[in-house]
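Undergrad: From first to last, the protein sequence lines stand for chains A and B. Quick note, the first sequence lines up with residues 1 to 169 if you use my numbering. Quick note, the second sequence lines up with residues 170 to 372 if you use my numbering. C-beta: ideal position from N, C-alpha, C; glycine also. Treat the numbers as computed from the prediction; the structure is a model and nothing was measured. Would you mind keeping the following structure in view while I ask a few things?
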Amino acid sequence: MAIARKRRHRETGDMSLNVTSLMDVLTVLLFFLIKSFSVTSTSLLVPEGLALPHLDQAAGAEEALVVSLSKTDLRVGERRLAKLNSGSYSPSDVAGDGSTILPLKHALDKEIKKRNALFEGTDSSRIPPAKILLQVDKRLPFATVKLLLHTASQAGYSDYQFAVMKTLE
Amino acid sequence: MLRKDTRRKKHRIPLAEINVVSLMDILTTLLFFLILSANFVEFGAVQAKSSSPEVSTQSDPKPVFALDITLKSPTSARIYLGPIAKLKFQKSDQLNGLIQRQFKGNERLGYLSTIEGRSTKEMIAKLQGLLIPIKQSFPHETKAVLSLADPLVYEDWIQVMNGIQSMGDEGKAFPLTNALGKTEKTVVLFPTVLVSEMGRFER
């Protein structure tokens, strides 16, 4: 009987796939990814060539306008505003005062106008301060970064968030 | 005998099969979505503000707490503590002792101390050693100004800024007595850091 059953099994060509181990792998992967997925965390798109500094501990980044400054360019979001030559701005991009980056100032002024339009009619004391998230290459000197800070401050962004990478434990 | 066997077979409950195809579909879709959105690098942010010069319009301005840290190099810093005679503060014996030992200056102009370290980490540890007693004397003060020299590399002054804001996870918590007289342990130093350029006369 058993032999006959086996023969029948061979003849029909049925193949059974054991998915138990695959289900195990998928479930474990799923739990891991659910754990690392966060709805509220800010995900940063770090431009190529920009190395962020490492810190052992830092607070989470809040949603804010992202400005990236690397050795080769200055960006607001993903839009490149100015090119840098090994960490130095081109003279045409810097205003006469030597402290304001012109393309950045124009871009930030537009963003502030949009923001103010959102808060139109609201009491100025209840408007939260405009925040800016700065992704700056760790190798840049303060002489380059201070122009960025000065321009942001001139445009109305006085609250800075300096993006860092948390050192893995 | 055979009849008994067939009866037994008739009363058997048939095996139920679970169709896992739809479950596999859901798992695969979820997995795909989560892999796309997964971020294996954790980002953080160090908060700071821009310093704006405050011009007093009063003829006799109210005395304010002033703490200014000037970073000349990654291993050398200078702390300036403004005049404190007219300010309310706690643990006056501890603070006066610290000022006599570590600072130079007077009540009218304020006090200055220079810190040197073999590395940035060591310098930050020494800096925190001075900031803790100042914080314990002025527990309600949260602002400190960080003045930076032009050649300083971004990574170095970010670490110093972070060190001024808190002791960090590895740092030892220190006791702090609040305005209500309650003593708690904390690692927070001066969380509001105003970034400024080093003055021309300080270079």
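So A/Ser153 contacts chain B; which residues on that side make the cut at Cβ distance below 7 Å?
TA: Simply Ser219.
Undergrad: So B/Leu390 and B/Val329 are supposed to be a Cβ contact under 8 Å. How far apart are they, rounded?
TA: Residue 390 of chain B lies beyond the stretch modelled for chain B, which goes from 170 to 372, so this question has no answer here.
Undergrad: Figure out for me which residue from B/Val314, B/Met367, B/Lys255 and B/Lys260 has the closest Cα to the Cα of B/Gln305.
TA: Considering only alpha carbons, the answer is B/Lys260.
Undergrad: Enumerate, from N- to C-terminal direction, the unbroken alpha helix (DSSP H) stretches of 4 or more residues contained entirely within the region 53-105 of chain A.
TA: Taking only runs of at least 4 residues, no alpha helix (DSSP H) segment lies wholly in the region 53-105 of chain A.
Undergrad: Under the three-state reduction of DSSP, which class applies to B/Gln263: helix, strand or coil?
TA: It is helical.
Undergrad: Sort B/Ala217, B/Ser316 and B/Ala185 by Cα distance to B/Pro360 and report the nearest one.
TA: The residue with the shortest Cα to Cα distance from B/Pro360 is B/Ala217.
Undergrad: Could you tell me the boundaries of the beta strand (DSSP E) in which B/Lys374 lies?
TA: Outside the displayed range of chain B (170 to 372) lies residue 374 of chain B, so it cannot be described from this structure.
Undergrad: Is the beta carbon of A/Leu147 sitting closer than 8 Å to the one on A/Val94?
TA: In this structure, A/Val94 lies closer than 8 Å to A/Leu147 by Cβ.
Undergrad: Kindly list, in the order they appear in chain B, the residues whose Cβ is closer than 7 Å to that of A/Phe162.
TA: Simply Ala214, Val215, Ala217 and Ile327.
Undergrad: Output yes if chain A places a C-beta closer than 8 Å to the C-beta of B/Ala342; else output no.
TA: Not closer than 8 Å to any Cβ of chain A, the Cβ of B/Ala342 fails to qualify, so no.
Undergrad: Hey, quick one: how far does the alpha helix (DSSP H) through B/Val210 stretch, first residue to last?
TA: Unbroken run through B/Val210: none, as it is neither H nor E.
Undergrad: My understanding is that A/Lys138 touches B/Glu324, with C-beta atoms under 8 Å, so please give their C-beta distance in whole angstroms.
TA: Between B/Glu324 and A/Lys138 the Cβ distance is about 4 Å, and since that is below 8 Å, they are a contact.
Undergrad: What residues of chain A sit near B/Lys357, judged by a beta carbon separation below 8 Å?
TA: Note on residue identity: the sequence assigns Val, not Lys, to residue 357 of chain B. What B/Val357 touches in chain A: nothing, since even the nearest Cβ is about 11 Å away.
Undergrad: Check for me: the beta strand (DSSP E) holding A/Ser36 runs from which residue to which?
TA: No beta strand (DSSP E) contains A/Ser36, which is instead part of the alpha helix (DSSP H) from Thr20 to Ser36.
Undergrad: Quick one: measure Cβ to Cβ for B/Gly251 and B/Phe234, integer angstroms, because I've assumed they're closer than 8 Å.
TA: The Cβ separation is near 7 Å, so the contact holds.
Undergrad: Between the Cα of A/Ala152 and those of B/Ser245, B/Ser219 and B/Phe258, spot the shortest distance and give me the residue it belongs to.
TA: The residue with the shortest Cα to Cα distance from A/Ala152 is B/Ser219.
Undergrad: Going by the CB atoms, is the gap between B/Leu317 and B/Ile333 shorter than 8 Å?
TA: Cβ atoms of B/Ile333 and B/Leu317: not closer than 8 Å.
Undergrad: Measuring CA to CA, which of B/Asp338, B/Gly340, B/Thr355 and B/Ile238 is closest to B/Thr346?
TA: Here the closest residue by C-alpha is B/Thr355.
Undergrad: Just confirm the distance between the C-beta atoms of A/Leu65 and A/Glu111, as a whole number of angstroms; I'd bet it's less than 8 Å.
TA: Yes, A/Leu65 and A/Glu111 are in contact; Cβ-Cβ is about 6 Å, under 8 Å.
Undergrad: Across the region 155-167 of chain A and the region 49-63 of chain A, are there enough close Cβ pairs to call them in contact, namely three or more that are closer than 8 Å?
TA: Taking 8 Å as the limit for Cβ pairs, the verdict is that the region 49-63 of chain A does touch the region 155-167 of chain A.
Undergrad: Please confirm whether B/Glu285 and B/Thr311 have their CB atoms less than 8 Å apart.
TA: Result no, Cβ atoms of B/Glu285 and B/Thr311 do not sit closer than 8 Å.
Undergrad: Could you please give the first and the last residue of the uninterrupted alpha helix (DSSP H) stretch that includes B/Leu300?
TA: First-last of the alpha helix (DSSP H) with B/Leu300: Thr289 to Ser306.
Undergrad: Could you name the residues that DSSP lists as bridge partners for B/Arg247?
TA: According to DSSP, which records beta bridges pairwise, B/Arg247 is partnered with B/Thr239 and B/Thr283.
Undergrad: So, at 7 Å on beta carbons, what are the nonlocal neighbours of A/Leu50 in its own chain, with the 5 sequence-adjacent residues on each side left out?
TA: Answer for A/Leu50: Ser68, Ser70, Gln135 and Asp137, listed in chain order.
Undergrad: Spatial neighbours of A/Gly156 within its chain, please: CB distance less than 7 Å, with the 5 preceding and 5 following residues excluded, ordered by chain position.
TA: For A/Gly156, where only same-chain residues beyond five positions count, the Cβ hits under 7 Å are Ile112 and Ala130.
Undergrad: Nearest chain A C-beta to B/Ile333 closer than 8 Å, yes or no?
TA: Judged by the 8 Å Cβ criterion, B/Ile333 is not in contact with chain A.
Undergrad: Does chain A have any CB closer than 8 Å to the CB of B/Leu315?
TA: It does not; no Cβ of chain A falls within 8 Å.
Undergrad: Excluding the 5 residues flanking B/Ile301 on each side, which residues of the same chain have their C-beta closer than 6 Å to its C-beta?
TA: If we look at B/Ile301 and ignore the five residues flanking it on each side, its Cβ neighbours are Phe343.
Undergrad: Quick one: what does DSSP say A/Tyr160 is sitting in, helix, strand or coil?
TA: In this structure, A/Tyr160 counts as strand in the three-state DSSP scheme.
Undergrad: Quick check on B/Ala185: buried or exposed, where buried means 16 or more other Cβ atoms within 10 Å of its Cβ?
TA: Result: exposed.
Undergrad: Going along chain A in order, which residues have a C-beta closer than 8 Å to the C-beta of B/Asp338?
TA: Chain A residues near B/Asp338: Asp56 and Gln57.
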